[in-house]
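Number of protein chains: 2
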Amino acid sequence: MCSRPEPPEPLRRVAVVGGTHGNEMSGVCLARYWLRAPGELQRPSFSAVPVLANPAATAACRRYVDCDLNRAFTSAFLTARAHPDDPYEVTRARELNQLLGPKASGQAFDFVLDLHNTTASMGTCLVAESSHDVFAMHLCHHLQLQSPELPCRVFLYQLPGEESYSVHSVAKSGLGLELGPQPQGVLRADLLARMRALVAAALDFIQLFNQGPGGRDGLRHQASHTGTAFPAFEMEAYRKVSSVDFPRTETGDLAGTVHPQLQDRDFEPLRPGAPIFQMFGGKDVLYEGESTVYPVFINEAAYYEKGIAFFQTEKLTFSVPALPGLAPAPSPAP
Amino acid sequence: MCSRPEPPEPLRRVAVVGGTHGNEMSGVCLARYWLRAPGELQRPSFSAVPVLANPAATAACRRYVDCDLNRAFTSAFLTARAHPDDPYEVTRARELNQLLGPKASGQAFDFVLDLHNTTASMGTCLVAESSHDVFAMHLCHHLQLQSPELPCRVFLYQLPGEESYSVHSVAKSGLGLELGPQPQGVLRADLLARMRALVAAALDFIQLFNQGPGGRDGLRHQASHTGTAFPAFEMEAYRKVSSVDFPRTETGDLAGTVHPQLQDRDFEPLRPGAPIFQMFGGKDVLYEGESTVYPVFINEAAYYEKGIAFFQTEKLTFSVPALPGLAPAPSPAP
C-alpha cells in the first residue's frame, strides 16, 4: 500500500469487503445484504462497491477453504503463473487483485475497507498496515471522534521489512475493521450495528474529503478554522512487535491456556512477572519480558493453528501530518 | 437410555467423553490431558475412562468431519452393515458403541459423562434426555447443591417419541455438560476450571453411590437422616418443545439476527409480543406464541446450519423418586 500521491484526487473507487474470512459473520452478512441493497453505500461523490471476498469459505462458514485469504496478497502469489492445483484462496486473491488492483498500480481502487471479527475482546479496533498511510490515519482519527465514549484503538500490524499481504493492501489506501468478541459463525446484533455505523462513518469521511474546501457540509469546520482541510494531529496506536504461542506438549497439543488474569484484557498493559498462561497441571507461566507490552488478539480462535496465543504490541504516539484538501471545486454558475 | 435396573449395583464402568464435537475446547483439552494423566479420574471404587470421541474432527478443530457425531447413535446407524463410503462419524459411532455399549445392552457402560461447550450464554447446563433417568436426575441434583451460588440448569432434550441419538445414550445412564458462552476453537480458563470441577463432583457422586450405606464419607449424612440413601426431591428443568429458525431470504441467507433483547437471555422467560429478531432492513420480529417460553441455545454457532436460532423450552417441576442405595457392604473382618 502506498500513501496517496500528491496532488490529492477525490476517492471515487471505494470497496467495502466482507467475508475475507468466511466465518466472521458481521462482514459476511453486511456484504451479502449490501449486494442486494447497495443504497447504504452510496454517497453524493461515489458509490462504494460491496464485495464478498471468499464465497466458498463463506458458504462453508469457515475461515478459509485452503489457506488464509488475508495472507495471500503477496507479489509471489499475485504474479505467479496460475496452476489448476493452486489453493482456492490464491486463485481468489488474483481475482480480487484484478477487481480491486492491480496492487501498487495507478489503476488500483482508491480505498478498501475490510470487515473482520475476532473472538478476542478487542472492542472496536482499526487495523492498518503502518502509520505511513496518511489517509487511513486521518480516517481512524475521524472514526475515533465519532464515538468518543467507545474505545476505538488503532493496531499497526506490519513488521519492519515485511511485505504487505492483506486484501486492503491491494488498494491505494485501506483499513480493516476488527470487532470483537464474537464467536466464529455467530452474528451478534450489537456488533452488527456497530460495524454498520463504522462503515457509514468511514464513507461519510471519504465524502467529506471528496467535497473539498468548497463543500458545504457542516463538518468542514476543521478546514475553516485552520486553513487546512484535515490538520495534523497526534495519534496513539499499538504496533505489533512479536507473537507468543501457547504452552504445548512435545506433540504440539495445548498444555495450558491463557491465564484468567490475561483473558479479555486486550490493549491493557502486561508487566514483567504477570501471569500469562495457566498450565493444565496447575502452574502459572509468567511474562518474562523486560518491558511492559500491550497484548492484543488474546485467545483468538483462528490463531491457535498459527501458533499465536496473543500478539505483543508497543503503544506509541506519533504525529500524523495534515491531509491536503482537494483544490476548491469551481463555483457553480450563478 | 434406560433407567438403572433394580436392585442397584455399583457403577464400575464410567467414561468421561470430550471432543464429541471437535471444536468445543473444554472437553477436547480435558480428554487429551486425562489420556496422559488419568489420576484425576480415579476414585476408590472405580476409574473413569477418558475418551476423545472424534479424533479427526478434533485434529481439524471442527465440529465434525462428515456429520454430527452426537446425532449418530441411532439404531439405524449402529446396526446397518458397515460400508467404505459411510460418513466418518457413523463409523466412529459404531466404534464408540463397541467401546461404551452396545447401546441398550447389559454390557453397556454404567455411566457416560459427555463434555460440551456452546456459544450461547447457557452458563452451566446439565443436558439429559429425559426425566426418566433417575440416576442422572440425582446426579444433577447433587451438582446443583455443590455450587448453589451458580445457576446450574437442567435441559431435557428428547422430544416425545424421538429415538435417543447422543453419545451418552449408549450407556445405561448418562449426562451432558454444556458450558458457555465459549467460541468454537477457543479454550477459556474460567470455563475449563468450571468443567473440571463439575466432572470431579460427578465422579464424587458416583463414588458416594458406590460406597453404599456402609460408606464412611461425611457426605452420607443424607442417608443417616432419612433412612434412604438418596431421598426423593422436586426438580426444576427446561424441556425442549420446538425450535425457531432465523429469518431468511428466499435463497436461504440470513435476513436478520437474534434481537439484542433476546441475545444472552437463555433460560429467561420470553413473553408473547417480545422481540426475537432484528431484520437487516431495520424491522423487529416479535414472538407470536400464545404462552411464555424459555429460549435456550440462543445464537449457537453450530445450529445455523440446522436452521435453529434457538430452542423453545417449557419450564417444569417434577418429582424425582428416591434412589435406592446399595446393599450395605459386608463389615470388614475385625
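Quick mapping for you: the protein sequence lines, in order, are chains A and B.
Here full-length UniProt numbering is used: the first residue of the first sequence is 1, the next is one more, and so on.
Here full-length UniProt numbering is used: the first residue of the second sequence is 1, the next is one more, and so on.
Think of the CB as a built atom: it goes at the ideal place given N, C-alpha and C, for glycine as much as any other residue.
Considering only their Cβ atoms, is the gap separating residue j from residue i smaller than 8 Å?
{"i": "valine 199/B", "j": "valine 16/B", "result": "yes"}
{"i": "leucine 203/B", "j": "leucine 41/B", "result": "yes"}
{"i": "glycine 180/B", "j": "serine 121/B", "result": "yes"}
{"i": "valine 285/B", "j": "glycine 325/B", "result": "no"}
{"i": "leucine 175/B", "j": "alanine 229/B", "result": "no"}
{"i": "glutamate 268/A", "j": "tyrosine 294/A", "result": "yes"}
{"i": "leucine 69/B", "j": "alanine 53/B", "result": "yes"}
{"i": "glutamate 178/A", "j": "cysteine 125/A", "result": "yes"}
{"i": "proline 183/A", "j": "threonine 119/A", "result": "yes"}
{"i": "proline 87/A", "j": "aspartate 66/A", "result": "yes"}
{"i": "arginine 196/A", "j": "leucine 78/A", "result": "no"}
{"i": "leucine 254/B", "j": "leucine 262/B", "result": "no"}
{"i": "leucine 323/B", "j": "histidine 138/B", "result": "yes"}
{"i": "glutamine 207/B", "j": "serine 319/B", "result": "no"}
{"i": "serine 173/A", "j": "phenylalanine 135/A", "result": "yes"}
{"i": "alanine 60/A", "j": "glycine 22/A", "result": "yes"}
{"i": "glutamate 290/A", "j": "proline 272/A", "result": "yes"}
Name the chain B residues that come within less than 7 Å of residue i, Cβ to Cβ?
{"i": "threonine 119/A", "result": "Pro183 and Val186"}
{"i": "serine 32/A", "result": "Inspection of the sequence shows that residue 32/A is occupied by arginine rather than by serine. Chain B residues near arginine 32/A: Asp253."}
For residue i, which residues in chain A fall below 7 Å Cβ to Cβ?
{"i": "valine 258/B", "result": "Ala189"}
{"i": "glutamine 207/B", "result": "Under the 7 Å cutoff, chain A gives no residues; its nearest Cβ is about 22 Å from glutamine 207/B."}
Here's the rule: buried if 16 or more other CB atoms are within 10 angstroms of the residue's CB, otherwise exposed. What is residue i?
{"i": "alanine 76/A", "result": "exposed"}
{"i": "glycine 18/B", "result": "buried"}
{"i": "alanine 309/B", "result": "buried"}
{"i": "serine 166/B", "result": "buried"}
{"i": "leucine 145/B", "result": "exposed"}
{"i": "histidine 83/B", "result": "exposed"}
{"i": "glutamate 149/A", "result": "exposed"}
{"i": "leucine 316/B", "result": "exposed"}
{"i": "alanine 327/B", "result": "exposed"}
{"i": "glutamate 9/B", "result": "exposed"}
{"i": "serine 242/B", "result": "exposed"}
{"i": "glycine 282/A", "result": "exposed"}
{"i": "glycine 39/B", "result": "exposed"}
Could you name the residues of chain A that residue i contacts, counting a contact when the two beta carbons are closer than 9 Å?
{"i": "leucine 192/B", "result": "Thr257, Gln278 and Phe280"}
Any heavy atom of the ligand NAD inside 7 Å of the beta-carbon of residue i?
{"i": "glutamine 98/B", "result": "The ligand NAD is not part of this structure, which contains no ligands at all."}
Quick one: list the residues of chain A neighbouring residue i, beta-carbon separation under 8 Å, in chain order.
{"i": "glutamine 263/B", "result": "Arg188, Ala189 and Asp190"}
Between residue i and chain D, is the shortest Cβ-Cβ distance under 8 Å, so that the two count as touching?
{"i": "glutamine 144/A", "result": "Absent here is chain D; the protein component of the structure consists of chains A and B."}
Output, in sequence order along the chain, the residues in the stretch 292–313 of chain B whose CB is closer than 9 Å to any CB in chain A.
Asn299, Glu300, Ala301, Ala302, Tyr304 and Glu305
Using a Cβ cut-off of 7 Å, which residues of the stretch 121–138 of chain A contact any Cβ in chain B, in chain order?
none
Short-range partners of chain B found in the stretch 24–53 of chain A, where Cβ spacing is below 7 Å
Cys29, Arg32 and Tyr33
Under 8 Å: do the stretch 25–32 of chain A and the stretch 289–308 of chain A share three or more Cβ pairs, one atom per stretch?
no
Is there contact here, the stretch 157–169 of chain B with the stretch 227–241 of chain A, by at least three beta-carbon pairs under 8 Å?
no
Stretch pair the stretch 96–106 of chain B + the stretch 48–57 of chain B: three plus CB contacts closer than 8 Å:
yes
Three or more C-beta pairs below 8 Å linking the stretch 100–119 of chain B and the stretch 85–92 of chain B
no
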